[in-house]
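A.B. asks:
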Amino acid sequence: MSERPAANCCERSVEQVLTGLLPGSTTAPVQCTVCERQFQDGADLVVYAQRCVDGGVWELPRVYCRSCFAGVEPTLGVWEAVVTARLGSMLIPTGRTHRPCLTEVGVRTLSGPSEG
Ligand SMILES: [Zn+2]
Numbered sequence: 001m002s003e004r005p006a007a008n009c010c011e012r013s014v015e016q017v018l019t020g021l022l023p024g025s026t027t028a029p030v031q032c033t034v035c036e037r038q039f040q041d042g043a044d045l046v047v048y049a050q051r052c053v054d055g056g057v058w059e060l061p062r063v064y065c066r067s068c069f070a071g072v073e074p075t076l077g078v079w080e081a082v083v084t085a086r087l088g089s090m091l092i093p094t095g096r097t098h099r100p101c102l103t104e105v106g107v108r109t110l111s112g113p114s115e116g
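Under the UniProt record's numbering, the residues of the sequence shown are numbered 1 to 116, in order.
Right under this line is the structure:
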């Protein structure tokens, strides 16, 4: 498998892509992976995001309090990002309700598929 060195050059930045995404499911509260604290609006988060090389969609398998996050082991073959974010809410027009989403996303680390 050959990796294009500039795979991200034509895409939106990771910050832009992750802003507005929801960690976890749409119904469950957003929780810290370590201490299981439920986050409220405005909480400071550390989010681990992962994207398959050919998948194209970022997933957010883990969310942490800033104090709980202790780093991640790099995984070969996927794009990985650790970002800080604030939990905000987004209006769902059809449901007339709000759902949590990521705001103020800032990338801490970003590693490509070849960095295992
Ligand atoms: Zn925690």
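Idealized CB from N, CA, C, for every residue including glycine.
Computed from a predicted model, the values in this text were never measured in an experiment.
Given this structure, state the Cα-to-Cα distance separating valine 47 from glycine 56, to the nearest angstrom.
C.D. replies: Taking the straight line from one Cα to the other gives about 18 angstroms.
A.B. asks: Could you tell me the distance, in whole angstroms, from the CA atom of arginine 66 to the CA atom of valine 53?
C.D. replies: The alpha-carbon atoms of arginine 66 and valine 53 are separated by roughly 28 angstroms.
A.B. asks: Short of 7 angstroms in beta carbon distance, which residues of its chain neighbour cysteine 29, apart from the five on each side in sequence? Order them along the chain.
C.D. replies: Before going further, note that residue 29 is proline rather than cysteine in the sequence given. Gln38, listed in sequence order.
A.B. asks: At a threshold of 7 angstroms, does cysteine 32 count as lining ligand 1 (C-beta to nearest heavy atom)?
C.D. replies: Answer for cysteine 32: yes, Cβ within range of ligand 1.
A.B. asks: Only counting the same chain, and skipping five residues up and downstream in sequence, which positions put a Cβ closer than 7 angstroms to that of threonine 19?
C.D. replies: If we look at threonine 19 and ignore the five residues flanking it on each side, its Cβ neighbours are Leu102, Thr103 and Val105.
A.B. asks: Does the distance from the CB of glutamate 80 to the CB of serine 114 come in under 8 angstroms?
C.D. replies: Against a cut-off of 8 angstroms, the Cβ pair of serine 114 and glutamate 80 comes out as no contact.
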